[in-house]
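What follows is a single structure, written as structure tokens, with notes after it.
In UniProt numbering, the protein residues as written are 1 to 598.
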């Protein structure tokens, strides 16, 4: 699920990055993000997306070898094997570090070319190059890549494809835009010398990588470190035999190769660093990640720290599994789309059948995060059922049942809980709330469609917020104590609506309302989206907020009914914050059709 803005009316912006993953924006309940630009948004989703959460897809992948015949003089990651039908869906990944003089112009050119294409995904462009992951029918994917390769800047991109689940999209929408960092790393990567090939690690083909690993097993005098440059939760379902588990849950906080003084300053335990104490001049460091881009970026950091013998796996693990099968690999490969996890056989059934899967080399592999007792055979994560947490977890069946799909007992008492779904549960694009009022009833998402019209020429600007999502939405989360009550507030500024969530103390999630002002008559129409009646607290607050601020409001409210003091306090806090953020519409005489947030 995502929060989308219309490309036709929204300029490409470079907002601030979001807070670190899993760091609560206010205690216990809310953390996360909203996602960005897409073509022709049809509905406003109920709640913001959260980092590392994906929509539910079947885990049964197609058993065919996803290769193709992209025309190129360079190695583009494919070989001449039986072709796929033009209408079959595939997932395509590539990146290229190359200087782009005018990235905004490149974005506009690609957006223009892709009009009418059935392509969904993330395509990011800046001065340092391009990073793309998308899904679509083979015919559209081939046309786009072939067109791209005709540009000398992109003629040498290394393209990889893999099967899509259920022959459908692996991403909800297309987001093609300028992005300050092609990958998210603390402090950005624009200052890193990634355009200098000599500063990046030496790429090894899958066969060369395999030979180095086997050579290390037969030569105990060789000094080799196998470095997994991914996240800990990725390692938990699959890794190369002998690789140490990364103690990070976001690449932006990766910190291998720090000196003792740097480790102390950064509060990093050197015991968790595979590079701690190694000889920088003589030790060979073999780096791997999913597709290669994280290794290329981080290798420039290690070069600057004095490491001489750096090697990366060209095309990452996905390329290795395709070319060499599962030899030396344990488990599945985590992927950052709706499929979430792919077995080696999804990349190359024949090679996987010939390879020998080694036994797990570490007790932590595939363990239930909650009890730590069960080793899972089903290597798919699920999202914590608490929408305010949404953390990716591995959970055994017993813990799923005992904790109702949550990651801990605290999350079980959170105000917004999903029902437990059968099988590996991922986050729905339009999640279903489970609360005492709902009793498992599904939401009518169509009722969220609000009127989207032209914008006023007298547009006001957003003055700022506490957190800016990297894909365009503005997020503000805070708590405030008033009259012996703690109010929890989340405000999300979208393109044409304001989404607000308000709760007090530990009350359960209540009702959801949509309110839209009509001008010039200064009246407000309120629609009950989720439970509640026209005289409920949330309805009254939504109506007055829309009238006072002139905004389209989506309000989720768990203020108890017949609590006028709480209602007044909640409304006062929200109005003051909306005004301080600049989320108000000037009082002008506009036609009733001109409704929206500027």
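Positions of the beta carbon are idealized from the N, C-alpha and C atoms, including for glycine.
If you compare the alpha carbons of 149, 196 and 544 with that of residue 157, the shortest gap goes to 149.
Looking at the DSSP output, residue 334 shares a beta bridge with 341. Counting C-beta atoms within 10 angstroms of its own C-beta, residue 174 has 16 or more neighbours from the protein chains shown and is therefore classed as buried. From the listed residues 567, 104, 498 and 213, the smallest Cα separation to residue 550 is found for 498.
Residue 160 sits close to residue 291, with the two beta carbons spaced by under 9 Å.
Beta-bridge pairing by DSSP links residue 477 to 490. By a beta-carbon distance limit of 8 Å, residue 184 contacts residue 252. Their separation comes to about 5 Å.
Here the stretch 128 to 146 makes no contact with the stretch 196 to 203; the two share fewer than three CB pairs at distances below 8 Å. Taking 9 Å as the cut-off, the Cβ atoms of residue 283 and residue 204 do not count as close.
Around the CB of residue 568, fewer than 16 other CB atoms lie within 10 Å, so the residue is classed as exposed. Put simply, of 350, 380, 390 and 406 the residue whose alpha carbon is nearest the alpha carbon of residue 371 is 406. Between residue 141 and the set 152, 582 and 120, the nearest pair of CA atoms involves 120. Cβ-Cβ distances below 7 Å link residue 332 to 237, 238, 341, 342, 343 and 379 in the same chain, with the five nearest sequence neighbours on each side left out; the list follows chain order. Taking residue 491 as the centre and dropping the five residues before and after it, the same chain places the C-beta of 476 and 500 closer than 6 Å to its C-beta, in chain order.
Classified as exposed, residue 373 has fewer than 16 neighbouring CB atoms from the shown chains inside 10 Å of its CB.
Runs of the beta strand (DSSP E) lying entirely within the UniProt domain "Rhodanese" (220 to 329) and spanning at least 3 residues, in chain order: 224 to 228, 238 to 240, 284 to 288 and 309 to 313.
Beta-bridge partners of residue 485 (DSSP): 482.
Beta-bridge annotation (DSSP): residue 202 is paired with 311.
Under DSSP, the beta-bridge partners assigned to residue 121 are 134 and 174. Taking C-beta atoms as the reference points, residue 182 and residue 95 count as a pair closer than 9 Å. The alpha-carbon separation between residue 245 and residue 235 amounts to approximately 6 Å. Contact check for residue 162 against residue 85 fails: the beta carbons are separated by 9 Å or more.
Residue 389 places its beta carbon less than 9 Å from that of residue 411. Residues of the same chain with a CB within less than 6 Å of the CB of residue 123, apart from the 5 flanking positions on each side, are 132 and 176 in chain order.
In the three-state reduction of the DSSP assignment, residue 147 falls in the helix class, which pools H, G and I.
Burial state of residue 188 is exposed, judged by a 10 Å Cβ sphere holding fewer than 16 other Cβ atoms. Exclusion of the five residues before and after residue 178 leaves 12, 14, 103, 104, 107, 124, 125 and 126 as the residues of its chain whose Cβ lies within less than 8 Å of its Cβ. By the neighbour-count definition (other C-beta atoms within 10 Å, threshold 16), residue 493 is a buried residue. Bridge partners of residue 181 according to DSSP: none are assigned. Straight-line spacing of the CA atoms in residue 300 and residue 254 works out to 13 Å.
In the structure shown, the three-state DSSP call for residue 575 is helix. Taking every protein chain shown into account, the CB of residue 231 has 16 or more other CB atoms within 10 angstroms, so this residue is buried. With 16 or more other Cβ atoms inside 10 Å of its own Cβ, residue 165 counts as buried. A direct Cα-Cα distance of roughly 7 Å separates residue 287 from residue 310.
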